[in-house]
Structure formats: structure tokens, C-alpha cells
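Student: Starting off with a structure, shown below.
Protein chains: 2
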Amino acid sequence: MTEMKEAAAAGRLMRIQEAAADVGLTPRSVRYYEEMGLLRPAARSEGDYRLYDETDLERLRFIKGLRDDAGFSLAEIAQLLEDEAARERGHAAFHATTDPAERRRILCERVASFERQIQTLQRKIDRLQAMVDDTEARRVRTVAKLADTGISEPC
Amino acid sequence: MTEMKEAAAAGRLMRIQEAAADVGLTPRSVRYYEEMGLLRPAARSEGDYRLYDETDLERLRFIKGLRDDAGFSLAEIAQLLEDEAARERGHAAFHATTDPAERRRILCERVASFERQIQTLQRKIDRLQAMVDDTEARRVRTVAKLADTGISEPC
DNA sequence: CTAAACTCTCACGTGAACGGCAATGTTGAG
DNA sequence: CTCAACATTGCCGTTCACGTGAGAGTTTAG
Chain C
1 MTEMKEAAAA GRLMRIQEAA ADVGLTPRSV RYYEEMGLLR PAARSEGDYR
51 LYDETDLERL RFIKGLRDDA GFSLAEIAQL LEDEAARERG HAAFHATTDP
101 AERRRILCER VASFERQIQT LQRKIDRLQA MVDDTEARRV RTVAKLADTG
151 ISEPC
Chain A
1001 MTEMKEAAAA GRLMRIQEAA ADVGLTPRSV RYYEEMGLLR PAARSEGDYR
1051 LYDETDLERL RFIKGLRDDA GFSLAEIAQL LEDEAARERG HAAFHATTDP
1101 AERRRILCER VASFERQIQT LQRKIDRLQA MVDDTEARRV RTVAKLADTG
1151 ISEPC
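Chains C and A are the protein sequences, given in the same order.
Just so you know, our numbering puts 76 at position 76 of the first sequence, and the rest follows in order with no gaps.
Just so you know, our numbering puts 1060 at position 60 of the second sequence, and the rest follows in order with no gaps.
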């Protein structure tokens, strides 16, 4: 039992099946997302196997979230990931310099990127909330009619 | 100028193009939704033209909202409309009886239906909100790193 | 070293949600 | 009544987001 339970937290690289299963996708979908330019595996094995690391998994979870929860198309997700990519490039650039001014600029860009992402999601939430409010108003009107029936008992 | 500006509020019936344009859909989509069982036009002309009334338009707007804003599939929308249909049947049944107990039962069912719909939408909002919270947390961490750079000026 | 299990890259197939065209019929203004 | 404008059904085409092999190569336990 000296074998590792799983390719857990550390800097382990996983192949496509394990990676896909981990985030709840199929290998085919993961390859398709790559084809669409949504991600590239951290590395390739000698035999050209795709190898994913933890940041890849986070990215895949992010994609899945946008697809399932928000109903974004892959094209829209690509837009959001453009920002994400810029942040990662910024991360490298951040560690490549020691100039405080430069570091500050990189971090500021990241913050702005996060804010754009939040706004995109928030707009969707707002529209959904409007639908909820609308339905709620109709519910309230119906409850009012219920009171009109004379019987004021709950359902 | 005695002609009506548009087939405005009243009990006017509109043909498919006007109806579709009014809610921002194409005639083709409207026919497809009918084919999928999402709605049936209020009436047909003598020559079998589809004729839509105001409640049809509301229904179409509801469908469009679920599709565009919530990203629901037509199958999921069909589920939600099952409830909507039940409400409309309830509306007829409501006016068909004068029994207060029966009327109360119908209204209670409508309220429950609205509440189910709200919950479905709310679950989606919650998941989106979780993504926003996540992104917000990352933003905050980045802002903290910004403070660490020594310069405490805003961006 | 072998064999099973996994992976690679094409490449074609599929279901959802329409777009678009054809052949035909209906409406309504003039 | 006529004729342009709109409608009908039917059917094939398309895009998106994958599913599903085929055929060949790679990894790794034993």
C-alpha cells in the first residue's frame, strides 16, 4: 500500500480519462474543448498522451460550470477564458519581474478581469431574477385571489 | 387614419409573422415550438393560418426568456410549461364553478405551481451566484496581493 | 517481453434547434 | 376578380456539442 491513493493534491499529472472523470466530463468533451481553443494540457507524454495538472482541472471545472449552470455557449466561454488566459500570462509575468510598478500593473489587470467576469455572470443573474420576480408577482396576485374566496385558511 | 395602429392590447388575433416579430422570434421557431408541444395557437383561420392572441404572446415571451436568459433546453421548458398549462386549465375550471372550496383548491394548485417554477429558477441563480462568489473571492485575494506590493494606491 | 488497458488522430454519426427552399394555398387591398 | 404578400406543410441543410467507432501507437503490471 505504498502506492498513492490517487494523483492527489500535489504536482501530479493525470491522463485524460482521470482528469475528465475528476471534473465530471468525458474525454471526448475535453478533447473537443481543446480543439475549440478553450484549454491546452499542461504537457504531453513521450508518446503524445495529454497530461493535465491541477490548474487544468480548475479550468475544466470552470468551463463545466459556465456550460451547465450558466448555459453559456462554448464561444461565449472562450471569451471569458480569454480573460482567464490573460490572468495566467500575467501570473508568469508577475514572477518574471521584481519591478513593483510592473507587478502592480499586472495585478490591477487581473482585478479588472475578475470584475468583467463577475459583471457577465451578474447580468445573467439579474435577468433570471427578473423572471423570478415576475413569477413571484403572479403568485402574490393568486394568493390575493385566494383571500377573496372568503376562506382565509392556508393551503 | 381610422385603421388601428397595431393589433394592440385588445382581443385581436395576429398571424405568425406579427406574433413572432412582437416577441423577437422567427416564424420558423414559433412553428418548431408548436411542433415540440410548447404551445398551440389560440385559433386557426378558415384557410388554416395560425392565429395568436395575447396569452400566446406571453407564453412565447416566457419561452424565449427561459431559452435566452436561463439557457434551458426546450425539453426543460416543456416541463415548466406543463405547470403553466395546468394553471390555464385551472383558470377555465375556476370560472366553470362557483363552489368556493373548489375555487380555493384550484388557486392553491396555482400557487404551488408558481412556487415550483420559482424554485427551479432560484436553483439556477444560486449556482450562478456561487460562481460569482468564487470569482469575487479570487478578486479579493488579488487585491490583497496588490496591497502587498507596498503601493497602496488604487488602480 | 507480453498483454491488457489506455490513448492518439481521423472521420463519420447524432440530437437539438432551427434556416431555407419548393410547391401550393389564403388573404386582402384595389 | 386579381395579384402581391403572406401562410401552409414537407423536406433537406446547418451549426453546435459532442458520441462512436476504426486503426494505430503507448504504458505499465506481471
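Backbone N, C-alpha and C define an ideal beta-carbon position, used for all residues, glycine too.
By Cβ distance below 7 Å, which residues in the same chain neighbour M1(C) in space, the five residues on each side in sequence not counted?
Tutor: On the first sequence, position 1 is the one that residue 1(C) refers to. Low per-residue confidence applies at M1(C): pLDDT is 39, beneath 50, and the placement is therefore not dependable, though the value from the model is reported in the following sentence. Contacts found: none.
Student: Would you kindly report the start and end of the unbroken alpha helix (DSSP H) that includes L1051(A)?
Tutor: Translated into positions along the second sequence, residue 1051(A) becomes position 51. Counting along the chain, L1051(A) falls outside any alpha helix (DSSP H), though it belongs to the beta strand (DSSP E) covering 1050-1052.
Student: Given this structure, state the Cα-to-Cα distance separating D53(C) from L1025(A), to the nearest angstrom.
Tutor: The residue given as residue 53(C) occupies position 53 in the first sequence. The residue given as residue 1025(A) occupies position 25 in the second sequence. C-alpha of D53(C) to C-alpha of L1025(A): approximately 44 Å in a straight line.
Student: When you check each C-beta in the segment 1135-1151 of chain A against every C-beta of chain C, which residues fall closer than 8 Å?
Tutor: T1135, E1136, R1138, R1139, T1142, V1143, K1145, L1146, T1149, G1150, I1151
Student: Where E34(C) and A70(C) are concerned, what is the direct C-alpha to C-alpha distance, given to the nearest angstrom?
Tutor: Numbered from 1 along the first sequence, position 34 holds the residue referred to as residue 34(C). Numbered from 1 along the first sequence, position 70 holds the residue referred to as residue 70(C). Looking at the backbone, the Cα of E34(C) and that of A70(C) are separated by about 20 Å.
Student: My assumption, with CB atoms under 8 Å, is that V111(C) sits in contact with V1132(A). Please give the rounded CB distance.
Tutor: Residue numbering aside, residue 111(C) sits at position 111 when the first sequence is read from its first letter. Residue numbering aside, residue 1132(A) sits at position 132 when the second sequence is read from its first letter. Contact flag wrong, Cβ pair sits at about 15 Å.
Student: Just the Cα atoms here: how many angstroms apart are A92(C) and E82(C)?
Tutor: For the purposes of this step, residue 92(C) is identified with residue 92 of the first sequence, where counting begins at 1. For the purposes of this step, residue 82(C) is identified with residue 82 of the first sequence, where counting begins at 1. Roughly 16 Å separates the two Cα atoms.
Student: Less than 7 Å separating the beta-carbons of V30(C) and K64(C)?
Tutor: As a position in the first sequence, residue 30(C) is number 30, starting the count at 1. As a position in the first sequence, residue 64(C) is number 64, starting the count at 1. Going by C-beta atoms, V30(C) is not nearer than 7 Å to K64(C).
Student: Is the Cβ-Cβ distance between R1059(A) and L1074(A) less than 7 Å?
Tutor: Position 59 of the second sequence, counting from 1, holds the residue named residue 1059(A). Position 74 of the second sequence, counting from 1, holds the residue named residue 1074(A). The answer is no: Cβ separation not under 7 Å.
Student: Using a Cβ-Cβ cut-off of 7 Å, state whether P100(C) counts as contacting chain A.
Tutor: As a working mapping, residue 100(C) is identified with position 100 in the first sequence. It does; some Cβ of chain A falls within 7 Å.
Student: Going along the segment 104-124 of chain C in order, which residues come within less than 8 Å of chain A, judged by CB to CB distance?
Tutor: Answer set for the segment 104-124 of chain C: R104, L107, C108, R110, V111, A112, F114, E115, Q117, I118, L121, Q122, K124.
Student: If you measure from the beta carbon of A20(C) to each beta carbon in chain A, is any gap under 7 Å?
Tutor: Position 20 of the first sequence, counted from the start, is the residue given in the question as residue 20(C). No, A20(C) lies away from the interface with chain A (no Cβ there is under 7 Å from its Cβ).
Student: Of all Cβ atoms in chain C, is any one closer than 7 Å to the Cβ of L1128(A)?
Tutor: If you number the second sequence from 1, residue 1128(A) lands on position 128. So yes, L1128(A) belongs to the interface.
Student: Between the C-alpha atoms of C108(C) and F114(C), what's the straight-line distance to the nearest angstrom?
Tutor: Position 108 of the first sequence, counted from the start, is the residue given in the question as residue 108(C). Position 114 of the first sequence, counted from the start, is the residue given in the question as residue 114(C). Taking the straight line from one Cα to the other gives about 10 Å.
Student: Throw me the rounded Cβ distance for the L80(C) and Q117(C) pair, which I believe falls under 8 Å.
Tutor: On the first sequence, position 80 is the one that residue 80(C) refers to. On the first sequence, position 117 is the one that residue 117(C) refers to. Rounded, the Cβ-Cβ distance is 6 Å, consistent with contact.
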